[in-house]
Amino acid sequence: MTRAADVTRNATFEAFGGRATLIRDYAHWSVQARPRQATAGAMILLAHGPAQSFADLPEGAHGELARVTRDIETVARRHLGCQKLNYLMLMMVDPHVHFHVLPRYDAARQIAGMTLADPGWPGPPDLGHAPEAADAGLRVAAVLRDLWPAPRG
């Protein structure tokens, strides 16, 4: 795990809740709980630094992405029980390289004391759908931190 002092944060990190929603830091990436939980366990996979194009990421970021996505998928499939996992790279409002990671479900799921449906299933995810709880991202971040795989050497 990378120390927070070694990470170059960007405005997109702050837009998605900053340290409050942080699940895990890696050398080139951070995983955060998405503040608006469109589906149970929705996350943000965010590159560190100033890159605003996937091609502009440092070489190590592309290689590390395999490890980060393995951790994400381990939690989403093994612990959350999702049927599919969608990675959306939009970068239209928040410009730095990031993915919206949306576990997909054929039925409502419980997480952090909330019941969340996936109204877009089996089609495209409904990013506008979210629970009314203002602290949903914080609550989900706490759950996912506890489920996250231990850092590897």
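Position in the sequence shown (first residue = 1) + 1 = this note's numbering.
Where is the CB? At the ideal position from N, CA and C, for every residue including glycine.
Here the structure is a predicted model, which means the values were calculated and not measured.
Inset, instruction - With a threshold of 16 other CB atoms inside 10 Å of the CB of R20, please say whether the residue is buried or exposed. - result: Here residue 20 refers to the residue found at position 19 of the sequence shown. Counting Cβ neighbours within 10 Å, R20 comes out exposed, since fewer than 16 surround it.
Inset, instruction - Go to R25, then tell me how far its beta strand (DSSP E) extends in each direction, as first and last residue. - result: For this step, residue 25 is matched to residue 24 along the sequence shown. Where R25 is concerned, the enclosing beta strand (DSSP E) stretches over L23 to D26.
Inset, instruction - Using 10 angstroms around the beta-carbon of H49, count the other beta-carbons present and answer buried if the total reaches 16, otherwise exposed. - result: Start at 1 with the first residue of the sequence shown, and residue 49 comes out as number 48. That one is buried.
Inset, instruction - Under 7 Å Cβ to Cβ from L139, same chain only, skipping five residues before and after it: list those, please. - result: Start at 1 with the first residue of the sequence shown, and residue 139 comes out as number 138. Excluding sequence neighbours, L139 sits near A21 and T22.
Inset, instruction - Apply the 10 Å Cβ neighbour rule to S31 and answer buried if 16 or more other Cβ atoms are within range, or exposed otherwise. - result: Taking the first residue of the sequence shown as 1, we reach residue 31 at position 30. Buried: at least 16 other Cβ atoms inside 10 Å.
Inset, instruction - Name, in chain order, the residues that DSSP records as bridge partners for F100. - result: Here residue 100 corresponds to residue number 99 of the sequence shown, with the count starting at 1. F100 is bridged to L46.
Legend entry - Run of the alpha helix (DSSP H) containing A67, from where it starts to where it stops: As a position in the sequence shown, residue 67 is number 66, starting the count at 1. Its alpha helix (DSSP H) spans residues E60 to E74.
Inset, instruction - Spatial neighbours of G114 within its chain, please: CB distance less than 8 Å, with the 5 preceding and 5 following residues excluded, ordered by chain position. - result: Your numbering for residue 114 matches position 113 in the sequence shown. Once the five neighbours on either side are set aside, the close Cβ partners of G114 are R140.
Inset, instruction - My understanding is that A131 touches A118, with C-beta atoms under 8 Å, so please give their C-beta distance in whole angstroms. - result: Taking the first residue of the sequence shown as 1, we reach residue 131 at position 130. Taking the first residue of the sequence shown as 1, we reach residue 118 at position 117. Actually they do not touch by this definition, with Cβ atoms about 11 Å apart.
Inset, instruction - Measure the alpha-carbon distance for N11 versus A43 and round it to whole angstroms. - result: Here residue 11 refers to the residue found at position 10 of the sequence shown. Here residue 43 refers to the residue found at position 42 of the sequence shown. In a straight line, the C-alpha of N11 is about 20 Å away from that of A43.
Inset, instruction - Let me know the secondary structure DSSP gives L145 once reduced to three states. - result: Taking the first residue of the sequence shown as position 1, residue 145 is located at position 144. Reduced to three states, the DSSP call for L145 is helix.
Inset, instruction - With a 10 Å radius around its C-beta and 16 neighbouring C-beta atoms as the bar for buried, classify Y27 as buried or exposed. - result: Locating residue 27 in the sequence shown gives position 26, counting from the first residue. The residue in question, Y27, is buried, as its Cβ has 16 or more Cβ neighbours within 10 Å.
Legend entry - Identified DSSP bridge partners for M90: The residue given as residue 90 occupies position 89 in the sequence shown. DSSP output for M90 lists no bridge partner at all.
Inset, instruction - Determine, using beta carbons only, whether L86 and V102 come nearer to each other than 9 Å. - result: Position 85 of the sequence shown holds residue 86. Position 101 of the sequence shown holds residue 102. Yes, these two residues count as a Cβ contact at 9 Å.
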